[in-house]
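To keep things clear, I will list the structure first and then write my remarks on it.
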């Protein structure tokens, strides 16, 4: 089971009633945080989060509303006595950004492992159980969309096990990936494993115009967290000028990408009542939810 | 009238129910902000503050809980279209800190005027109606206490005016500081001004051990905002080790400095119920208030 929590839903500047957009993804005691604007650590603490527990930090881009919380969270993590390395990844410029922002936290008790990602082509990185992909998108500065996939083991096939004359006592071990030698005969996982099974896929995409590459990138995601900077169609020119998305554009991507569910987030500070645009948005993609601070969801592997 | 607002009362890390320590002082449409930890701009907005309106930023030192909110607030001020310069002052290292933190807000539409203050001796700076003084204190890194004074014009003396045969029609102009020539006779402000009058003085002092120099520095302040990192006397060794103050130590400074009122602030995250130490603290200095987020006070010139 993967646990997804929307930490905030604001864009541009933090508001008293709306934290800046950020997402926490947890799986098997490992935590991935996407983006970290000012106040993200406070919103995380409201959720009961332990500063020590963040393992990877994925940055979409280096505008203040996505990274200004970085020195504060790094200090809080240090204050919580973390010693394990913390991985931070983001588009080109990462080293300079981290060097600049850590001027106020120069002596961390843990190592920062920086992974600079391409802003020209999709990168895939496997870390622990996570397969992380980063797609360059279309914003005013280099910006990445992320997907996080949890792969699932292949289905166990009792038919295949019987056909291959595998003793029942070692079925479980083979299923877990071990190779076993028994009475001079060798048994491999392949002898008991059947078809591939779909894992869990989360996609996160702010700030950008709705480029076609996003459709393939978010394809069949269980959950797509997409930017809804403006609700009204009248703001299209503003969205084009500042390289953001309308609710309707995020919904169209969700539809074309055939995702299960869309959460809208990254609302403009001028967007006081995002709910009034939901009816129109759901006409494009029905399973759209209006993001709200601390919206959570547990996603399980699908039964087959 | 001067308006003083405590923006937060926490130390070390921001908490969901306690913003980091910072103070806003307003006088005649000019605003001075002392310290700016993560979330300070959010707490300011809750007070109805306009990002454009901050004119001077005074930094005590460069630990994260006092400066990590800087890039965020600079961006919000830019976003509000400020064009007038913003003055930032702080102890040595200021330029490097600002250069580092502004890596995520490289193009501000207003100028940052940096004033590096000494960490060896007291500095006095007159800006608009404010007389700002900075005293080096005793913390783990270079750290300054600040006082802000609003000077008051000398009292008008009708006796002196009559004695100097000043025509009544120009009393007001002379009181305002103008020199007047009337029927070939010259009149100066000195001819109508009497004794000096006390202005308003605010003193702000975290993070430090209670060194004797502070007593003189806060002398006769109308309001002293002092650090109360720990409430219990059992935490004295911790206070000594980390260079912070106990409630009782701040109260003793308030008493020795003969201030009118003390507000305690900068509570340790471990200090869940600061109120339980107030009775003992008020035995040392009676007019002690427990600081709380958004505690405000208007201070007027005293009648004479």
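Residue numbers (my numbering), protein chains in the order written: chain G, 10 to 313; chain Y, 10 to 313.
We put the CB at the ideal spot given by N, CA and C, even for glycine.
Start-to-end residues for the alpha helix (DSSP H) that takes in residue i
i, result
"residue 184 of chain Y", "180-184"
"residue 245 of chain G", "245-251"
"residue 54 of chain Y", "49-55"
"residue 126 of chain G", "Note, residue 126 of chain G: premise wrong, no alpha helix (DSSP H); not H, not E."
"residue 104 of chain Y", "103-110"
"residue 76 of chain Y", "73-76"
Cβ neighbours of residue i in the same chain (closer than 6 Å, five flanking residues each side left out)
i, result
"residue 305 of chain Y", "14"
"residue 267 of chain G", "229"
"residue 143 of chain Y", "126, 132, 153, 155"
"residue 66 of chain G", "42, 97"
"residue 99 of chain Y", "68"
"residue 75 of chain Y", "44, 46, 69"
"residue 218 of chain G", "147, 252"
"residue 294 of chain Y", "260, 263, 264, 271"
"residue 296 of chain G", "270"
"residue 209 of chain G", "11, 159, 231, 308"
Sub-8 Å separation of residue i and residue j beta-carbons
i, j, result
"residue 301 of chain Y", "residue 18 of chain Y", "yes"
"residue 16 of chain Y", "residue 52 of chain Y", "yes"
"residue 121 of chain G", "residue 106 of chain G", "no"
"residue 196 of chain Y", "residue 188 of chain Y", "yes"
"residue 102 of chain G", "residue 80 of chain Y", "no"
"residue 20 of chain G", "residue 47 of chain Y", "no"
"residue 262 of chain Y", "residue 308 of chain Y", "no"
"residue 163 of chain Y", "residue 202 of chain Y", "yes"
"residue 298 of chain Y", "residue 280 of chain Y", "no"
"residue 54 of chain Y", "residue 25 of chain G", "yes"
"residue 112 of chain G", "residue 83 of chain G", "no"
"residue 57 of chain Y", "residue 110 of chain G", "no"
"residue 30 of chain G", "residue 274 of chain G", "yes"
"residue 211 of chain Y", "residue 134 of chain Y", "no"
Residue i (DSSP reduced to helix, strand or coil)
i, result
"residue 294 of chain G", "coil"
"residue 212 of chain Y", "strand"
"residue 257 of chain G", "helix"
"residue 221 of chain G", "coil"
"residue 173 of chain Y", "coil"
"residue 311 of chain Y", "coil"
"residue 265 of chain G", "helix"
"residue 81 of chain Y", "helix"
"residue 46 of chain G", "coil"
"residue 61 of chain G", "helix"
"residue 168 of chain Y", "helix"
"residue 286 of chain G", "helix"
"residue 12 of chain G", "strand"
N-terminal and C-terminal residue of the beta strand (DSSP E) that residue i is part of
i, result
"residue 156 of chain Y", "153-159"
"residue 227 of chain Y", "That residue, residue 227 of chain Y, is in no beta strand (DSSP E); it is neither H nor E in DSSP."
"residue 134 of chain G", "132-136"
"residue 99 of chain Y", "95-99"
"residue 92 of chain Y", "No beta strand (DSSP E) holds residue 92 of chain Y; DSSP gives it neither H nor E."
"residue 142 of chain Y", "139-145"
"residue 276 of chain G", "Taken as a continuous stretch (DSSP letters only), residue 276 of chain G belongs to no beta strand (DSSP E), as it is neither H nor E."
"residue 236 of chain G", "232-236"
"residue 194 of chain Y", "194-196"
Pick from the options that is closest to residue i, judged by C-alpha positions
i, options, result
"residue 118 of chain G", "G/129, G/210, G/93", "G/93"
"residue 141 of chain G", "G/250, G/166, G/226, G/77", "G/226"
"residue 128 of chain G", "G/308, G/71, G/183", "G/71"
"residue 40 of chain G", "G/194, G/10, G/48", "G/10"
"residue 159 of chain Y", "Y/288, Y/34, Y/116, Y/30", "Y/34"
"residue 260 of chain Y", "Y/282, Y/243, Y/291", "Y/291"
"residue 136 of chain G", "G/64, G/29, G/209, G/274", "G/64"
"residue 258 of chain G", "G/236, G/243, G/246, G/186", "G/236"
"residue 194 of chain G", "G/173, G/207, G/185", "G/173"
"residue 149 of chain G", "G/168, G/211, G/215", "G/215"
Neighbourhood of residue i by C-beta distance below 7 Å, restricted to the same chain and skipping five residues each side
i, result
"residue 213 of chain Y", "32, 43, 154, 155, 234"
"residue 199 of chain G", "none"
"residue 166 of chain Y", "201, 202, 203"
"residue 245 of chain Y", "255"
Residue i CB to nearest heavy atom of the ligand NAD below 7 Å
i, result
"residue 295 of chain G", "Within the structure as shown, the ligand NAD is missing, as the structure has no ligands at all."
Sequence-distant residues of the same chain with beta carbon closer than 8 Å to residue i, five excluded per side
i, result
"residue 89 of chain G", "59, 60, 61"
"residue 249 of chain G", "218"
"residue 138 of chain Y", "36, 37, 39, 159, 160"
"residue 104 of chain G", "123, 125"
"residue 182 of chain Y", "189"
Note to self: At a CB distance below 7 Å, what residues from the region 83-115 of chain Y approach chain A? Give them in sequence order.
What the structure shows: Annotation note: the requested chain A is absent from the structure, which comprises protein chains G and Y.
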